[in-house]
Amino acid sequence: MELFLLSNGKLSGESELLGYAKARIQAMLQARKITSAVLIPYALIRSDYDARAKELSDALGIQVSSIHHAASPAEAIASAECILISGGNTWMLNQMLHENSLIVPIQRAVRERNVPYVGWSAGCNVATPSIRTTNDMPVRNSIVLPALNLFPVQINPHYIDAHLSGHMGETRDERIAEFCAVNPSESVIALREGSLLQVSGNDLSYFSAKEQGFKVFRHGQETQEYQDTQAIQPLVPFNCQ
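If you read the sequence shown in full-length UniProt numbering, its first letter stands for residue 1, the second for the next number, and so on.
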């Protein structure tokens, strides 16, 4: 299995999409001689699908086509060399994955054909068991919570623990703690901006362009920050590095 689960698509001040993860992604593409990818851009609400595909083509140096042009989205996934899932609104993305009957085709492509999966923000959210730990608003009336379940632990992308002056609502830590209180058997991995989890084969590693750690939230346990994935070994079936 080959997964790149990115907290976000760009760092502040960074012009190139996936720039902070580009070296890792391109190394994988070159090693596997991948020349094309299918983009699933359904999370984009106020951006152009084809413009996002071109942006990714320019950034990664491969031919990227948007799945909305395919007569059969499922067949496009069945023949894809690589799957890219853009950030945007997680609720919209997950709903359209279900509406276009893409959940099983993506699962089979990644698990059975070993097709690489690169998802950032919303694309990271839907790679987990459900979208219950997204930060996004449910903009669609028809709400579907189960997602792709390629990665077995809930993730909270764009994690921030800063306290904003004048903000009287719950902090991100408090919201995640609420999730864990309601779902005490589940854990949440909080990824800061510019960080990613990478599964390559059966190995799981962590990278942060800012050299920051990630947090793991568990009900009834002190939340801690980690710099490598060994802390989550009991939660995943991968070899943690």
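Where a beta carbon is used, it is the ideal one built from N, C-alpha and C, also for glycine. It should be emphasised that the depicted structure is a prediction, and the values quoted were computed from it without experimental measurement.
*Specify, as a first and last residue, the run of the beta strand (DSSP E) that Gln154 falls within.*
154 to 159
*Pull up the distance between the alpha-carbon of Leu56 and that of Val236, whole angstroms please.*
30 Å
_Please classify Thr128 as buried or exposed, where buried requires at least 16 neighbouring CB atoms within 10 angstroms._
buried
*Could you please give the first and the last residue of the uninterrupted beta strand (DSSP E) stretch that includes Val38?*
36 to 40
*Under 8 Å by Cβ, that's how I've got Arg52 and Ser86 pegged, so tell me the actual separation to the nearest angstrom.*
6 Å
*What separation, rounded to the nearest whole angstrom, lies between the Cα atoms of Leu39 and Ile103?*
15 Å
*asked:* By the three-class DSSP mapping on this structure, what secondary structure does Gln221 have?
replied: coil
*Give the single residue among Thr229, Glu222, Val153, Arg108 whose Cα lies nearest to the Cα of Thr134.*
Val153
*Of the residues Gln224, Ser36, Ile143, Ala209, the one placed nearest Gly19, counting alpha carbons only*: Ala209
*asked:* If you measure between the beta carbons of Ser36 and Ile77, is that distance less than 8 Å?
replied: no
*Nearest-angstrom Cα distance between Val139 and Glu170?*
21 Å
*asked:* At the level of alpha carbons, what is the spacing between Gln233 and Asn125?
replied: 20 Å
*asked:* So, with DSSP's three-state summary, where would you put Glu193?
replied: coil
*Report all residues from its chain with a CB closer than 7 Å to the CB of Gln227; omit the five preceding and five following residues, and keep chain order.*
Gly213
*Would you mind working out which of His158, Asn202, Gly13, Glu2 sits nearest Arg192, comparing C-alpha positions?*
His158
*Thinking C-alpha only, which one of Ala27, Arg46, Ala181 is nearest Gln198?*
Ala27
*Buried or exposed (CB count within 10 angstroms, at least 16 for buried), residue 244*: No information on residue 244 is available, as it lies outside the stretch 1 to 241 that the chain covers here.
*Going straight from the alpha carbon of His68 to that of Asn239, what length do you get?*
36 Å
*Go to Val64, then tell me how far its alpha helix (DSSP H) extends in each direction, as first and last residue.*
Careful: Val64 lies outside any alpha helix (DSSP H), inside the beta strand (DSSP E) at 63 to 66.
*Just tell me which of Tyr206, Met92, Tyr42 has its CA closest to the CA of Leu6.*
Tyr206
_Measuring alpha carbon to alpha carbon, tell me which residue in Gly194, Leu204, His98, Ile45 is nearest Lys10._
Gly194
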